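One structure is given here, and the rest of the page talks about it.
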Amino acid sequence: MLEQVAVGGFVVLVLAGGVMAAWMRHILYAIIGLGISLFGLAGLFLNLGSPFVASMQILIYIGGIVVAIIFAMMLSIAMTVQPLERNRPKVWFAGLCAATFFGGVAWLLERTEFEVIPPAAAQSWELAQLGHALLNRYNLVFETLSLVLLLAIIGAILIARQERTS
Numbered sequence: 443m444l445e446q447v448a449v450g451g452f453v454v455l456v457l458a459g460g461v462m463a464a465w466m467r468h469i470l471y472a473i474i475g476l477g478i479s480l481f482g483l484a485g486l487f488l489n490l491g492s493p494f495v496a497s498m499q500i501l502i503y504i505g506g507i508v509v510a511i512i513f514a515m516m517l518s519i520a521m522t523v524q525p526l527e528r529n530r531p532k533v534w535f536a537g538l539c540a541a542t543f544f545g546g547v548a549w550l551l552e553r554t555e556f557e558v559i560p561p562a563a564a565q566s567w568e569l570a571q572l573g574h575a576l577l578n579r580y581n582l583v584f585e586t587l588s589l590v591l592l593l594a595i596i597g598a599i600l601i602a603r604q605e606r607t608s
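Residue 608 is where the sequence shown ends in the numbering used here, and the numbering goes up by one at each step.
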């Protein structure tokens, strides 16, 4: 029972954060909504028995990407642009299209008979094994990814510095 309440809470976080990210007019609130949604997703990973993926979700996506988006927003030059007005017929049409799409998906899921597959033997990936694989077997990929991220950070700093000086 407690597990179902936790899953429901995490699903509410994911959906509420997604709605907040999509509907907020102020960009900072939309970024916060993205962070809330990603935090709920990390909770779902934790509930599925994958604490490593949940912690990486928090560290990489919330701690890295959301903070990088906020950093980019702070470095960008403020522009005075009038927000677009939402016109009611377009909003209603978009809602009708979304409801039709999700209704069609629900109808297809209801009509489809899914084959129940027995669960595979659980392969235990302990953190030590994962670290060993990253530093031995996947060392080149790991180091290349870190180099690409370093170049992206240096490029972002150079672009921000050029915009500030000009």
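Don't be surprised by glycine CBs; every beta carbon is placed ideally from N, CA and C. Because the structure is a prediction, the values reported are computed rather than measured.
Throw me the rounded Cβ distance for the residue i and residue j pair, which I believe falls under 8 Å.
i    : j    : result
Q499 : L483 : 6 Å
I473 : I511 : 5 Å
N489 : E527 : With 8 Å as the limit, N489 and E527 do not qualify as a contact, their Cβ atoms being about 41 Å apart.
L576 : F584 : 5 Å
L572 : F487 : About 15 Å separates the two Cβ atoms, so there is no contact after all.
M515 : L470 : 7 Å
I504 : F481 : 6 Å
Taking its Cβ as the centre, do 16 or more other Cβ atoms sit within 10 Å of residue i, making it buried, or is it exposed?
i    : result
V454 : exposed
N479 : It is worth fixing the name first, because residue 479 is Ser in this sequence and not Asn. Burial call: buried.
F452 : buried
L476 : buried
G485 : buried
A496 : buried
V461 : exposed
G491 : exposed
G459 : buried
Is residue i helix, strand or coil by DSSP?
i    : result
T554 : coil
E585 : helix
P560 : coil
Y580 : coil
G506 : helix
M498 : helix
E568 : coil
Q446 : helix
N529 : coil
Q604 : helix
G545 : helix
S479 : helix
G451 : helix
H574 : helix
L619 : For residue 619 there is no data in the structure shown, the boundaries of the chain being 443 and 608.
L488 : helix
Does any residue of chain C bring its CB to less than 9 Å from the CB of residue i?
i    : result
V508 : Annotation note: the requested chain C is absent from the structure, which comprises a single protein chain.
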